[in-house]
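Residue numbers (my numbering): 11 to 468.
Quick reminder that beta carbons are idealized off the backbone N, C-alpha and C, glycines included.
In what follows, a single structure is set out as structure tokens and then discussed.
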Amino acid sequence: MTKIISYADLIDALNNSSADKHLLTGNGFNKSLNIYTDYKNIYRAMSTLWPQYDNIKDIFESTHINYDIEKVIDILNTKLELNGEDDKEILLNFTKESVNEKMRIDFLIALYKIVDFEKSKIYDSKKQHGIKNFMSIFDSYFTLNFDPLLYLILMWLKNKNKKTKPQQQDLPNFQDFNSNQFQKIKEIYHSSILKLDQIDSLKDSMSNSTLERFLINSIQAESEFSDWKIGLIKLAVKKIKDDFNKSNADIDTTSPDRIEENSKLRDIEIFDGFTDEIDEKFFFDKHCQAQNLFFLHGGIHIVMEQIQNKNRARKITKRKKKNSKSFYSNLDEVVHYQGVNITCILSGSSKYKLKKIHENQYLCRCYKALGHISGDIVVSGCSFSENDSHIYKHLDRDTIETLYISTSVCDLKNGFADDVNDRLPNNKGKVVFYDYKDVSYEADLPNNTLPIGHPERT
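Rendered as structure tokens:
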């Protein structure tokens, strides 16, 4: 029988691994948050909102479909093409256009309604430590889900005090911070600090933001850096500060204060690539080098919009202005009135989905990023179906060390391991299954599953 480990064992294994770590989530991931965005619940919402879906209830409920809307769309398209006498009553309320466009938009509206109603569950203070304990393990985050829950969770957990922006351009000679350019910036930075020290301790009276602006202006005043983007200079300044703090850190790791500091979980840094701000709208920047959150098939908070004669991906956000609409109010407006512009690949074969991915700059960037990862990957809530084989192809490379895949004893008995092996012929020996029914963000983990450095870890 296929071995299955506990959630506590999973956390322990990840904490003891020195490899890079990545997370890939599917529909089942939301169950761990007690939010049910599975196909069955979405169909229930659709049939409540639009009674015509009751007419095709038998198709949704059939054993080989199991409410999978992607399969339902394919079946309805086939029936419409054949136009059989037996199907005329079933197809009375459907046309080719309504199946491919309206059903897609109805699906997204139903998904939005569920998420909007249940969203408070992700901000449960009882789960905050447990969720952060899990999320802080990973270097990058990928999802096949269309809902924005993963994005909202990570934004909730990220370090609110850090204002660092990702680098905005390619850095062939600057990434390792050993280049002559970086050394020059370091000299300007320290000489600027010395100048301030000589003016009656002016530095001490400056706020952090004013000091940072002064240092950035000092660097940009040099002709060599005059055309550098602010985000890149901020990155260099942050690196200088980090190096200074490390070199001046107290080497005593046994004092109560030091133990307390070590017990803190790793800060979560999230960059989704939407860093190009135009008129308070955030567009995807293909030059963003620090992106680590990827919606592989799109999301209901990502729309395509014409800007400066180009069709670009934009994310829905809360506006900065006072009395502006909330994130969910803006999202509601987009889902109901701009559904056709939402970036979302809902149905079709793996080949068809891959074609659509390559036609969209944002999705193409996300897909390529998945193909470049190495190390360990946790796959949570994914079905390993054939129509997503283009995704699993990227997990079947030799750069992947271990694949931790969520499942249950029941699913394994029903052949889930065979589905995984079919998608991962080269890496099936690297697969470790963990029990998703064992996942709890509220329960206290055993001592040996706490992060390394935690004072209570045994």
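Next on the checklist: I'd like the list of long-range same chain contacts for Asp555, defined as Cβ closer than 7 Å, with 5 residues on each side in sequence excluded.
Outcome noted: With the chain covering only 11 through 468, there is no way to say anything about residue 555.
Next on the checklist: Helix, strand or coil for Phe224? Go by DSSP, reduced to three states.
Outcome noted: Locating residue 224 in the sequence shown gives position 214, where the first residue counts as 1. Here Phe224 carries a helix assignment [DSSP, helix/strand/coil].
Checklist entry - Quick one: is Leu154 buried, meaning 16 or more other Cβ sit within 10 Å of its Cβ, or exposed? => result Taking the sequence shown and counting its residues from 1, one reaches residue 154 at position 144. Per the 10 Å Cβ criterion, buried.
Item to check | Cβ pair Ile14, Asp445 closer than 8 Å | outcome: Here residue 14 refers to the residue found at position 4 when the sequence shown is read from its first residue. Here residue 445 refers to the residue found at position 435 when the sequence shown is read from its first residue. When the beta-carbon positions are compared, Ile14 and Asp445 come within less than 8 Å of each other.
Checklist entry - What are the boundary residues of the alpha helix (DSSP H) that includes Leu33? => result Looking up residue 33 in the sequence shown gives position 23. No alpha helix (DSSP H) holds Leu33; the beta strand (DSSP E) holding it covers 31-35.
Next on the checklist: Measuring alpha carbon to alpha carbon, tell me which residue in Ser416, Lys447, Asp421, Val388 is nearest Ser27.
Outcome noted: As a working note, residue 27 is residue 17 in the sequence shown. Minimum Cα distance to Ser27 is reached at Val388.
Next on the checklist: According to DSSP, simplified to helix, strand and coil, what is Lys249?
Outcome noted: Here the question's residue 249 lines up with position 239 in the sequence shown. Helix, per DSSP.
Item to check | Cα-Cα separation, Asp408 to Ser384 | outcome: Reading the sequence shown from its first residue, position 398 is the one you call residue 408. Reading the sequence shown from its first residue, position 374 is the one you call residue 384. Just so you know, the alpha carbons of Asp408 and Ser384 end up roughly 8 Å apart.
Checklist entry - Cβ of Ile312 within 8 Å of Cβ of Lys325? => result As a working note, residue 312 is residue 302 in the sequence shown. As a working note, residue 325 is residue 315 in the sequence shown. Closer than 8 Å, so yes.
Checklist entry - Taking C-beta to C-beta, are Leu34 and Phe156 nearer than 8 Å? => result Taking the sequence shown and counting its residues from 1, the one referred to as residue 34 is at position 24. Taking the sequence shown and counting its residues from 1, the one referred to as residue 156 is at position 146. Pairing Leu34 with Phe156 gives a Cβ-Cβ distance that is not under 8 Å.
Checklist entry - If you draw a straight line from the alpha carbon of Lys31 to that of Val345, how long is it in whole angstroms? => result Position 21 of the sequence shown holds residue 31. Position 335 of the sequence shown holds residue 345. So the alpha carbons of these two residues sit roughly 33 Å apart.
Item to check | Residue interval of the beta strand (DSSP E) (run including Lys291) | outcome: Taking the sequence shown and counting its residues from 1, one reaches residue 291 at position 281. Unbroken beta strand (DSSP E) run through Lys291: 291-293.
Checklist entry - Grouping DSSP H, G and I as helix and E and B as strand, with all else coil, what is Ile317? => result Locating residue 317 in the sequence shown gives position 307, counting from the first residue. Secondary structure of Ile317 (DSSP, three-state): strand.
Next on the checklist: Distance check for Leu306 and His139, CA to CA, integer angstroms please.
Outcome noted: Taking the first residue of the sequence shown as 1, we reach residue 139 at position 129. Taking the first residue of the sequence shown as 1, we reach residue 306 at position 296. Here the C-alpha atom of His139 lies approximately 27 Å from the C-alpha atom of Leu306.
Next on the checklist: Using the three-state DSSP reduction, which class does Arg54 fall into: helix, strand or coil?
Outcome noted: Counting from one through the sequence shown, the residue named residue 54 turns up at place 44. The three-state secondary structure of Arg54, taken from DSSP, is helix.
Checklist entry - When you compare only the Cα positions, how much space is there between Gly439 and Asp421? => result Position 429 of the sequence shown, counted from the first residue, corresponds to residue 439. Position 411 of the sequence shown, counted from the first residue, corresponds to residue 421. Distance between the alpha carbons of Gly439 and Asp421: 19 Å.
Checklist entry - With a Cβ-Cβ cutoff of 8 Å, do Leu118 and Cys298 count as a contact? => result Locating residue 118 in the sequence shown gives position 108, counting from the first residue. Locating residue 298 in the sequence shown gives position 288, counting from the first residue. Cβ distance not < 8 Å, so Leu118 and Cys298 don't count as in contact.
Checklist entry - Quick one: what's Ile383 bridged to in DSSP? => result Stepping through the sequence shown from its first residue, residue 383 is reached at position 373. Paired residue(s): none; Ile383 is not in a bridge.
Next on the checklist: Could you tell me the alpha carbon to alpha carbon distance between Leu341 and Lys196, rounded to whole angstroms?
Outcome noted: For this step, residue 341 is matched to residue 331 along the sequence shown. For this step, residue 196 is matched to residue 186 along the sequence shown. Our two residues, Leu341 and Lys196, have alpha carbons roughly 43 Å apart in a direct line.
Checklist entry - Which one or two residues does DSSP pair with Ser416 in a beta bridge? => result By 1-based counting over the sequence shown, the position of residue 416 is 406. Paired residue(s): Tyr444.
Checklist entry - From the DSSP output, which residues share a beta bridge with Val388? => result As a first step, residue 388 must be located in the sequence shown, where it is residue number 378. DSSP output for Val388 lists Leu33, Tyr414 as bridge partner(s).
Checklist entry - Is the Cβ-Cβ distance between Gln371 and Ala323 less than 8 Å? => result Counted from its first residue, the sequence shown places residue 371 at position 361. Counted from its first residue, the sequence shown places residue 323 at position 313. Result yes, Cβ atoms of Gln371 and Ala323 sit closer than 8 Å.
Item to check | Nearest to Asn103 (by Cα), restricted to the options Thr285, Ile132, Ile66 | outcome: The residue given as residue 103 occupies position 93 in the sequence shown. Residue Ile66 is the option with its Cα nearest to Asn103.
Checklist entry - Which class does Leu24 belong to by DSSP, given the choice of helix, strand or coil? => result By 1-based counting over the sequence shown, the position of residue 24 is 14. In this structure, Leu24 counts as helix in the three-state DSSP scheme.
Next on the checklist: Does any residue of chain D have a CB that is nearer than 8 Å to the CB of Leu434?
Outcome noted: Of the protein chains in this structure there is only one, and it is not chain D.
Next on the checklist: Which of the three DSSP states is assigned to Leu356 in this structure?
Outcome noted: Residue numbering aside, residue 356 sits at position 346 when the sequence shown is read from its first letter. Reduced to three states, the DSSP call for Leu356 is coil.
Item to check | DSSP state of Thr12 mapped onto helix, strand, coil | outcome: Residue mapping note: residue 12 aligns to position 2 of the sequence shown, counting from 1. Thr12: coil per DSSP, three-state reduction.
Checklist entry - Any idea what DSSP makes of Arg324, helix, strand or coil? => result In the sequence shown, counting from the first residue as 1, residue 324 sits at position 314. Collapsing the DSSP output to three states places Arg324 in a strand.
Next on the checklist: By the DSSP assignment, the beta strand (DSSP E) with Ser146 in it spans what residues?
Outcome noted: Counted from its first residue, the sequence shown places residue 146 at position 136. Here Ser146 belongs to no beta strand (DSSP E), and DSSP marks it neither H nor E.
Next on the checklist: Mapping the DSSP letters down to three states, classify Leu303 as helix, strand or coil.
Outcome noted: Position 293 of the sequence shown holds residue 303. DSSP places Leu303 in strand when its eight states are reduced to three.
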